[in-house]
Amino acid sequence: MPENIITFIFSFIILLIFFGALDFLLFFLIKRNVKWTLIITAGIVYFAAVYTGFYLLTKSPTEPDLATYITTELNNNLDTLAAGEKKMGFPEEQIQNDRKFYDLFYIKTFPSWIFFTVLCTAFLNYFVVRLYAMRRYGIRNEIPSFELWHLGEPFVWIFIAGCAVLLADSYLPFRWIYYAGLNFAFTAGGIYLLLGVSVLSFYMKKFKIPGLLQFLIYVLLFIAKFTIIAVALAGLFDTWFNFRKIQKEGHPWK
C-alpha cells in the first residue's frame, strides 16, 4: 500500500478519535444539564490540552518547534505579498503600510486567530451533539437565540487590560508583554464584534427588515473598516447600556 494512503488513513483515524472524544465530553456535559457557556469552555480547554500535548510530544531539540515553523511560514507569505505588490507597481509607502498591517493583524495576533478557530470548532461540535442529544434522547440544553447573546461586565476588563498594555508600550520591560496585550485586546475585540452583530440582528428582526436587505447589510458591514469598528463598539457598550433591554439570562423581547 502506498505510503501516502497509509498516512491518510492514520491521520483520519487520529481525527476520528480526537473529535469522538470531544463529542463524548460534550454529550456527557449536555446530559448533566451543564450551562452551554461552560460546555463551550470545556471544549476549548479540551483543544488546548490536546494541542499542548501534541506540541510537547513533537518538540525536537534539533528542529524548529511548531511555533517557529508557523511564524516563519507567515513571514514568508508576507514577503511574497510584498514582492507581488512591488511587481504590480504599488507605491513603496503602500507596500510598507500593508506589511505593517499584515504583520500586526495576522502574524503578531496569530494566537488570537487560533483561539477563534478553536472557538468556532467547539461551537460547531456543540450544536451537532446538542441536536443529536435532543432528537435521540430528548435531552434539551437551552441556549438563547443569537439575537440575545450578551456578556457580563467582568469580561470587559480583559479588553481594558489588553488596551492598557498597548498604551504602556514604551514602559514595558519585555516585548512579549506587548504582544500578549495585543492578543488579549484583539480577541476581546473580536468577541465584542460578534456581540455587536447580535445587537444589529436583534434590531433588524425587531423592525422586520427583509431577508435580502439583512444579507446586504451583513455584507456591507464587513467591507468597510469603520463599520466593523462601529459594530464592535456597539457590542462593547451594550455591556453597560443594554441596548436590547434583555434580562440577565436573555429573555425574548415583548
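Once you know that position 13 of the sequence shown is 779 in the working numbering, the rest is easy, because the numbers rise by one and skip nothing.
Glycine included, C-beta positions come from ideal geometry on N, C-alpha and C.
As the structure is a computational prediction, the values presented were derived from the model and not from experiment.
How is the alpha helix (DSSP H) around residue i delimited, first residue to last?
i, result
"Thr875", "Taken as a continuous stretch (DSSP letters only), Thr875 belongs to no alpha helix (DSSP H), as it is neither H nor E."
"Ile905", "Neither: Ile905 is in no alpha helix (DSSP H) and is coded neither H nor E."
"Ala934", "Premise fails: Ala934 is in no alpha helix (DSSP H) and is neither H nor E."
"Ile943", "941 to 972"
"Ser777", "769 to 797"
"Trp1006", "991 to 1007"
"Trp802", "802 to 824"
"Trp859", "The identity of residue 859 in the sequence shown is Glu, whereas the question assumes Trp. Residues 858 to 868."
"Ile983", "977 to 987"
Please identify the residue among the options whose C-alpha is closest to the C-alpha of residue i.
i, options, result
"Arg865", "Thr846, Tyr835, Lys853, Thr883", "Thr846"
"Lys1011", "Glu859, Phe988, Val965, Ala998", "Val965"
"Pro877", "Ala787, Gly962, Thr837", "Thr837"
"Phe1007", "His916, Leu986, Ala954", "His916"
"Ala873", "Ala888, Ile861, Asn842, Lys853", "Looking at the sequence shown, residue 873 is not Ala but Ile. Measuring from the Cα of Ile873, the nearest candidate turns out to be Asn842."
"Ile909", "Glu919, Val800, Gln862, Thr883", "Val800"
"Ala833", "Thr875, Thr953, Tyr898", "Thr875"
"Leu844", "Gly855, Gln862, Pro857, Phe856", "Gln862"
"Phe950", "Phe871, Leu979, Asn907", "Phe871"
"Arg901", "Gln860, Phe793, Ala946", "Phe793"
"Cys886", "Phe981, Phe813, Lys974", "Phe813"
"Ile924", "Pro857, Leu979, Ile957, Phe774", "Ile957"
"Ile905", "Leu782, Arg798, Ile775", "Arg798"
"Ala815", "Val884, Phe778, Lys852", "Val884"
Using the rule of at least 16 other Cβ atoms within 10 Å of the residue's Cβ for burial, across every protein chain shown, is residue i buried or exposed?
i, result
"Lys1020", "Bear in mind that the predicted position of Lys1020 carries a pLDDT of just 43, short of 50, making it too unreliable to give a figure here."
"Ile805", "buried"
"Pro1018", "Because Pro1018 carries a pLDDT of 46, less than 50, the predicted location of this residue cannot be relied on, and the following value inherits that uncertainty. The residue is exposed, with fewer than 16 neighbouring Cβ atoms inside 10 Å."
"Asn770", "exposed"
"Tyr796", "With the sequence shown as reference, residue 796 is identified as Ile, and Tyr is not the correct amino acid for it. Burial call: buried."
"Leu1002", "buried"
"Glu913", "buried"
"Gly928", "buried"
"Glu859", "exposed"
"Ala888", "buried"
"Arg941", "exposed"
"Ser967", "buried"
If residue i sits next to residue j, beta carbons under 8 Å apart, how far is it from one beta carbon to the other, in whole angstroms?
i, j, result
"Phe867", "Thr953", "Wrong, their Cβ atoms sit about 18 Å apart, outside the cutoff."
"Asp729", "Tyr944", "This structure leaves residue 729 out entirely; the chain is present only between 767 and 1020."
"Glu919", "Thr818", "That pair is no contact at about 31 Å."
"Leu932", "Gly947", "5 Å"
"Ile983", "Met970", "7 Å"
(request) Decide if the stretch 804 to 821 is in contact with the stretch 886 to 894; the criterion is three or more beta carbon pairs, one per stretch, under 8 Å apart. (result) yes
(request) Evaluate the contact criterion for the stretch 954 to 968 versus the stretch 987 to 1005: three or more CB pairs, one atom per stretch, below 8 Å. (result) yes
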